[in-house]
């Protein structure tokens with residue numbers, strides 16, 4: 118294939134996708150969490166693994182932390198460790214779903230003591246943000262109820278707004294609050310922020326530095342996700358992506374694995390709406406590598422985003438506009454499909470080499486011996502996982 | 118069963134559910150529209166049938182019209198006909214999905230001529246509203262696209278806002294615009310107003326008299342509809358309901374037929390949020406009686422809403438609050454289920470009789486001979502249906 | 118309400134619903150398993166709790182075991198303990214999803230060593246069946262893959278058949294194999310037995326004593342479950358039910374909690390197809406009480422099944438046949454709804470009292486002090502849960 | 118790109134995809150059927166259009182007819198017309214959903230007169246098959262009910278089997294019966310053949326020449342269709358495909374338009390299971406071109422199938438087996454994705470030219486002037502559509 122156009126390459130050069138520290142720990146389903154040799158045992162080892170992804174791809178310059186999973190005594194030391202490895206610390210994710218007190222809610226809880234505890238947890242997260250230099254506080258609201266009648270949906274919504282206002286008020290001037298929505302799970306009757314509309318209504322009431330986080334796996338079956346991307350960009354409220362893919366529910370598979378064409382369409386709308394390489398829109402992964410190796414799973418993921426971004430950048434907008442204006446349904450669709458079907462991989466490989474990166478990052482990582490090394494070295498201790 | 122409490126009866130007495138004129142015409146699927154003897158051949162006959170529903174139930178005091186299906190030369194005459202039959206004319210529904218010009222859009226169309234035509238159609242609807250005394254202009258936006266790339270999602274959204282602003286500006290001071298959303302169909306890739314969030318964002322930008330219409334059949338599989346009811350009431354933007362029920366897509370079955378417990382939960386949230394007998398929240402049916410008789414189909418429907426409203430009014434809020442505050446999941450759920458499982462039908466039958474209504478409206482209608490009469494009388498002419 | 122007809126009561130008297138031992142242990146989602154005071158720490162305590170359900174309802178005469186979770190040194194002792202408490206041991210459930218060796222499959226695994234280990238596990242389960250006097254070996258096939266290409270779908274299907282044949286051959290003459298299907302989870306791309314068709318094809322190839330298990334939560338969104346009940350009864354292959362309810366995926370909520378009308382329809386088809394009180398069709402629960410108390414959760418569940426069975430038994434089949442034959446859609450539906458809407462609870466309460474049972478089993482259990490007693494007594498040790 | 122391997126080309130050369138005559142008539146949703154200039158007015162014109170697809174692609178050698186839509190006085194003349202145009206007549210599709218008598222069922226109807234009428238219709242279809250030389254009688258069972266209780270699910274199933282047996286007995290020795298299943302629509306509560314399991318159970322009871330038809334748009338949300346392909350091939354009962362694509366329900370969009378990767382996976386399983394260029398497995402389209410032009414819509418469709426077949430043929434089975442055997446999840450997935458991501462279009466274009474076909478069939482058709490010619494010529498008369 119011919120090389121990619123210079124403007125496409127320039128755009129791709131600016132792309133960065135944040136990795137979640139928890140992707141390097143063990144994860145699983147409610148039925149079983151399988152272990153793997155070499156799994157990190159602390160945040161320092163997680164970040165070392167994350168830095169490998171950046172090393173082979175130049176695509177993953179930062180790492181998101183999850184509190185309390187990634188609490189350390191000395192965040193200064195963690196920050197230096199991170200920067201020594203050539204990456205930075207990114208978004209801070211709070212956790213309101215694993216403390217026994219949060220069994221029936223946290224930021225929405227009717228018991229003021231528990232609600233204050235959850236707010237205080239976010240204050241502590243903001244403290245961490247100051248130590249790590251993080252901009253974004255991301256709140257995934259896992260709260261909800263399992264049975265009709267169990268809770269007062271409206272009162273919880275009002276308490277949520279009150280809690281968020283208190284947290285928002287504590288943010289520094291350069292910091293943002295990003296509110297994630299999710300269709301269901303872990304709650305099975307109602308979830309307090311189940312859709313983009315609710316997240317939007319909640320953050321719009323907070324202020325300019327409150328934004329929506331769109332996790333690609335958090336929608337009802339059949340939802341047109343790129344439409345939501347378009348709408349949130351239009352409303353100026355798309356704060357970040359959590360990328361992953363799914364066949365059924367929130368499967369948390371590798372982004373692009375289940376439906377590459379959907380990923381392409383999402384990235385096409387990001388580009389059309391000015392969301393690419395726009396500091397207001399953070400790109401992150403949020404995945405679980407339940408059965409595959411974690412580091413190459415993350416490498417595969419950022420490459421998938423890069424490859425689909427490249428294809429989406431190849432769309433001929435002039436031809437597209439012309440076909441759309443002529444109501445040429447097949448013609449307009451063909452312009453899009455032509456870009457999607459173009460195999461950008463050889464050109465990307467060439468370009469990587471020209472920048473001193475391996476043409477095939479998966480193969481380069483596999484050949485590096487890192488996986489064998491950590492499997493041999495990381496013996497003893499407790500493997501990190503969700504909750505550790 | 119013991120009689121229903123006086124406050125419940127007082128509330129039920131205030132309940133009114135608007136009927137759609139088109140429910141009395143023939144309808145069907147893309148595969149076939151089956152005919153039935155006695156189907157109305159003009160708006161006057163549709164309203165005569167609708168008045169039967171009110172006669173036996175006192176639940177259906179008004180009839181919604183659809184333009185151009187219900188265009189008549191003399192709306193004054195239609196209004197007098199309607200009032201003579203003891204009912205009134207209600208919401209005016211516009212139609213942007215059946216003109217050849219609207220094949221690729223109407224209020225969202227890139228061609229200014231077509232977009233203006235669609236706006237003008239709404240001006241004409243507002244003229245009808247002045248003639249009929251209607252308050253609400255309801256816009257169901259059937260527009261969208263079938264293939265990725267076919268259209269510019271964002272530009273259509275902006276044009277939609279512009280079109281709606283022009284229509285909104287033309288409304289009288291007491292009139293409202295109500296914007297309906299729908300997950301999919303007739304468009305199969307994207308729909309311009311696919312979810313409540315989009316409808317909310319669009320009407321919030323218009324002004325106070327622009328509201329959201331929630332059709333109970335227009336959601337993705339698994340959507341918690343009562344949550345949306347709660348949220349729109351909380352945001353002050355729930356303008357109206359289109360009631361019906363579904364097992365799969367927008368099946369337009371009789372409300373309550375597919376999942377009576379869901380209808381109960383919706384009505385419970387309406388009550389909890391102050392939406393019952395609140396003039397801001399219009400109750401309407403929007404159904405298709407493809408294979409069952411239409412008049413008894415509508416009688417069954419308003420009775421279903423009444424019966425589930427009665428059950429929802431029986432919820433013991435004090436007990437519910439106590440159980441919720443105690444995190445008593447099973448206890449709180451039991452309070453709700455106890456109301457749902459209570460058979461309010463005998464008490465409602467008694468109460469109907471006490472008001473001079475038939476205890477069993479379905480049986481009374483069947484015994485009236487009306488169905489046989491229209492089957493015999495309405496011979497010749499063209500039966501009304503979607504599009505006629 | 119008038120008492121229930123004698124034939125309905127006679128039928129209800131014969132009803133028995135098996136409880137799963139694991140419902141009394143802790144359970145949760147992949148995000149968190151919350152603990153509760155009084156949770157059993159061994160199979161003996163689980164059975165003691167299960168016996169409470171039977172004591173207050175006379176509806177739960179047997180308890181299903183899960184191997185290896187319920188392995189004990191002396192199954193004779195467990196059996197005597199069980200019988201002393203007035204219940205019996207029922208179905209034996211195997212487990213092929215929690216051993217490290219089963220990460221990529223068990224009965225379907227390409228590695229003969231692992232596949233033999235999984236077959237041997239079922240031999241061990243059959244040994245337990247002989248010790249407990251159990252008739253049914255239930256196999257839930259949790260196996261599958263997460264990514265396209267990961268596995269050879271066809272080869273796995275063939276190996277599954279081979280494995281099942283070996284297991285089937287080991288069964289005693291009075292024993293049965295029951296194969297459960299599930300739409301997805303824990304695998305997210307393909308599941309080896311995802312639907313009733315696959316389970317049916319697999320067991321039909323085994324022989325007469327191989328049957329299908331229908332778990333009400335294991336279907337795609339929108340699936341008409343009562344149709345499958347009808348079809349499996351028609352084909353003579355409905356071996357057992359796992360009852361629970363769901364709003365989204367395999368939520369494992371209390372049966373009847375999410376959609377009581379669906380439960381009614383399922384039971385109506387069971388009755389119409391001759392599956393009620395038919396020894397060939399086992400009724401079981403399979404639920405997770407993540408946030409509610411477990412013993413009352415199980416009491417609520419068996420009562421829900423009983424109440425909906427009573428309503429389903431009230432259907433006037435003569436009137437239904439007449440309406441169906443007349444193509445009277447609304448009339449036929451009304452016959453069904455009339456039974457569903459009839460509140461059978463007062464009559465059931467009376468009947469319970471006439472049999473020396475508490476009118477309100479939930480209240481009787483709550484008043485018994487058992488919950489407080491186990492919370493006080495069961496301190497120390499490890500609470501049972503999935504995997505323990 | 119390098120040319121495709123000779124064995125791949127040889128396989129592709131054998132590929133043929135049957136076109137449905139009805140794809141060339143107008144179609145739409147229940148809301149509107151839009152017209153287009155040049156739409157055929159009789160079966161002869163439909164076949165002329167179908168022949169255009171074959172002319173530019175050499176991929177569509179036969180045309181399926183639908184009775185009664187395609188009834189002509191002289192099938193011998195239609196056959197000669199067809200063969201003169203270089204194509205043949207294929208599958209005969211029956212219609213049990215548009216006669217007024219079939220409002221409540223046809224092959225399942227409780228009224229013997231109507232059921233016999235439906236059976237007789239299939240006898241007439243078999244007569245047509247003898248005249249056209251068709252092998253397959255395809256039955257899409259649109260029958261079902263809209264409300265619980267409306268019908269006796271089990272009795273309908275038994276009557277269906279009886280009806281099918283009578284039809285099957287009438288087939289010639291070289292003829293087959295192919296039974297299609299569909300999740301829902303036009304019925305909204307139950308469908309008599311809703312899933313592959315039901316179709317399989319019905320045809321297995323008929324005999325060897327009764328097979329299942331898999332329409333790719335007829336499944337519940339999230340269904341793994343390639344699994345069903347694998348299973349039906351394994352059971353020897355995959356008789357034919359109806360190809361199309363969908364985002365929501367039975368959208369009947371161009372095959373491959375909604376999820377090209379799914380089409381690739383389906384074709385991969387066809388190949389792995391020996392179903393490609395296997396006379397037992399017929400490839401057909403079943404689509405509705407509601408808004409796009411019909412002839413290029415069909416050209417696009419057969420090209421999509423060809424392109425994805427080419428990609429699926431490129432899978433390196435040796436590498437795949439090796440990765441699968443090593444439990445190398447990412448490696449095995451990468452083998453599949455590598456084939457999917459390979460852009461086979463340039464090589465296919467070259468190969469087309471080498472065979473005397475246009476490199477770009479879409480462009481060649483557009484340049485031919487045929488569309489303008491039929492738009493000018495076919496004025497007057499009634500445009501064909503569903504039902505005409």
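Residue numbers (this note's numbering), protein chains in the order written: chain V, 118 to 505; chain R, 118 to 505; chain G, 118 to 505; chain U, 118 to 505.
We put the CB at the ideal spot given by N, CA and C, even for glycine.
From a predicted model like this one, the values you see are computed outputs, not experimental measurements.
key: For residue 505 (chain U), three-class secondary structure by DSSP   = Residue placement at residue 505 (chain U) is poorly supported in this model, since its pLDDT is 46, which falls under 50; the coordinates still yield a value, given next. DSSP places residue 505 (chain U) in coil when its eight states are reduced to three.
key: As assigned by DSSP and simplified to three states, the class of residue 390 (chain U)   = Looking at residue 390 (chain U) - three-state DSSP - the assignment turns out to be coil, as it is neither helix nor strand.
inquiry  = Is residue 135 (chain U) close to chain V? Criterion is C-beta to C-beta, closer than 8 Å.
reply    = No, no contact with chain V.
ask   = What's the gap between the Cα of residue 123 (chain R) and the Cα of residue 230 (chain V)?
value = Using only the alpha carbons, I get a separation of about 40 Å.
message = Give me the DSSP bridge partner(s) of residue 354 (chain G).
response = According to DSSP, residue 354 (chain G) bridges with nothing at all.
inquiry  = Does chain U have any CB closer than 8 Å to the CB of residue 446 (chain V)?
reply    = With 8 Å as the cut-off, residue 446 (chain V) counts as an interface residue toward chain U.
query = Can at least three beta-carbon pairs, one atom from the segment 261 to 271 of chain R and one from the segment 344 to 352 of chain V, be found at a separation below 8 Å?
reply = Enough Cβ pairs lie closer than 8 Å, so yes.
request  = Would you mind sorting residue 325 (chain G) into buried or exposed? The rule is 16 or more other CB atoms within 10 Å of its CB.
outcome  = Counting C-beta atoms within 10 angstroms of its own C-beta, residue 325 (chain G) has fewer than 16 neighbours from the protein chains shown and is therefore classed as exposed.
request  = For the segment 322 to 336 of chain U and the segment 350 to 366 of chain U, state whether three or more C-beta atom pairs, one from each stretch, are separated by less than 8 Å.
outcome  = Short answer: they touch.
inquiry  = Counting only Cβ-Cβ distances shorter than 7 Å, please list the residues of the segment 345 to 365 of chain V near chain R, keeping chain order.
reply    = Here the close residues are 347, 348, 351 and 352.
query = chain V beta carbons: is any one of them nearer than 8 Å to that of residue 505 (chain R)?
reply = In this predicted model, residue 505 (chain R) has a pLDDT of only 46, less than 50, meaning its place in the structure is not dependable; the value taken from the coordinates is given anyway. Taking CB atoms only, residue 505 (chain R) has no neighbour in chain V less than 8 Å away.
key: Boundaries (first-last residue) of the alpha helix (DSSP H) holding residue 193 (chain G)   = Taken as a continuous stretch (DSSP letters only), the alpha helix (DSSP H) holding residue 193 (chain G) covers 192 to 201.
ask   = In the structure shown, what three-state DSSP assignment does residue 396 (chain V) receive?
value = Residue 396 (chain V): coil per DSSP, three-state reduction.
key: Assigned secondary structure, residue 137 (chain G) (DSSP; H/G/I helix, E/B strand, else coil)   = Note: residue 137 (chain G) maps to strand in three-state DSSP.
task = Would you decide whether residue 505 (chain R) is buried or exposed? Buried here means 16 or more other CB atoms lie within 10 Å of its CB.
result = Summary for residue 505 (chain R): the model assigns pLDDT 46, below 50, so the residue's position carries little reliability; its value from the coordinates is reported in the next sentence. With fewer than 16 other Cβ atoms within 10 Å, it is exposed.
message = Can you confirm whether residue 403 (chain U), when its beta carbon is compared against all beta carbons of chain G, has any partner nearer than 8 Å?
response = With 8 Å as the cut-off, residue 403 (chain U) does not count as an interface residue toward chain G.
ask   = When burial is assigned at 16 or more other CB atoms within 10 Å of the CB, is residue 368 (chain R) buried or exposed?
value = Classification for residue 368 (chain R): buried.
message = Measuring straight from C-alpha to C-alpha, what distance separates residue 497 (chain V) and residue 163 (chain V)?
response = Pairing residue 497 (chain V) with residue 163 (chain V), the inter-Cα distance amounts to about 16 Å.
inquiry  = When you compare the CB positions of residue 500 (chain G) and residue 158 (chain G), do they come within less than 8 Å of one another, or not?
reply    = Contact: yes.
key: residue 277 (chain V) - containing beta strand (DSSP E), residue span   = Not the beta strand (DSSP E): residue 277 (chain V) falls in the alpha helix (DSSP H), residues 270 to 287.
task = Please compile the residues from chain V whose C-beta is within a distance smaller than 9 Å of the C-beta of residue 414 (chain U).
result = Going along chain V in sequence order, the residues near residue 414 (chain U) (Cβ under 9 Å) are 446 and 447.
query = Does the distance from the CB of residue 206 (chain V) to the CB of residue 196 (chain V) come in under 8 Å?
reply = Cβ atoms of residue 206 (chain V) and residue 196 (chain V): closer than 8 Å.
inquiry  = Counting only Cβ pairs nearer than 7 Å, list the residues of chain V close to residue 378 (chain U).
reply    = Chain V residues near residue 378 (chain U): 376, 377 and 378.
request  = Sort G:246, G:238 and G:305 by Cα distance to residue 283 (chain G) and report the nearest one.
outcome  = Looking at G:246, G:238 and G:305, the one whose alpha-carbon comes closest to that of residue 283 (chain G) is G:238.
inquiry  = Whether or not the segment 310 to 322 of chain R and the segment 282 to 300 of chain V are in contact is what I'm after, with contact meaning three or more pairs of Cβ atoms, one per stretch, closer than 8 Å; do they touch?
reply    = The segment 282 to 300 of chain V is not in contact with the segment 310 to 322 of chain R.
query = At least one CB of chain R closer than 8 Å to the CB of residue 282 (chain V): is that the case?
reply = Judged by the 8 Å Cβ criterion, residue 282 (chain V) is not in contact with chain R.
ask   = Name the chain R residues that come within less than 8 Å of residue 217 (chain U), Cβ to Cβ?
value = Ordered by position in chain R, the residues that pass the 8 Å Cβ test against residue 217 (chain U) are 151 and 152.
ask   = Does the distance from the CB of residue 447 (chain G) to the CB of residue 421 (chain G) come in under 8 Å?
value = No, Cβ-Cβ distance for residue 447 (chain G) and residue 421 (chain G) is not below 8 Å.
key: For residue 305 (chain R) and residue 338 (chain R), the rounded distance between their alpha carbons   = Going from the Cα of residue 338 (chain R) to the Cα of residue 305 (chain R) covers about 15 Å.
inquiry  = Measuring straight from C-alpha to C-alpha, what distance separates residue 151 (chain U) and residue 413 (chain V)?
reply    = So the two alpha carbons sit approximately 51 Å from each other.
key: Min CB distance residue 315 (chain V) to chain R below 8 Å   = It does: the Cβ of residue 315 (chain V) has a partner Cβ on chain R nearer than 8 Å.
message = the ligand MG and residue 318 (chain G): does the residue's C-beta get closer than 7 Å to at least one heavy atom of that ligand?
response = Inclusion of the ligand MG in the displayed structure is not the case, the ligand content being empty and no account of it being possible.
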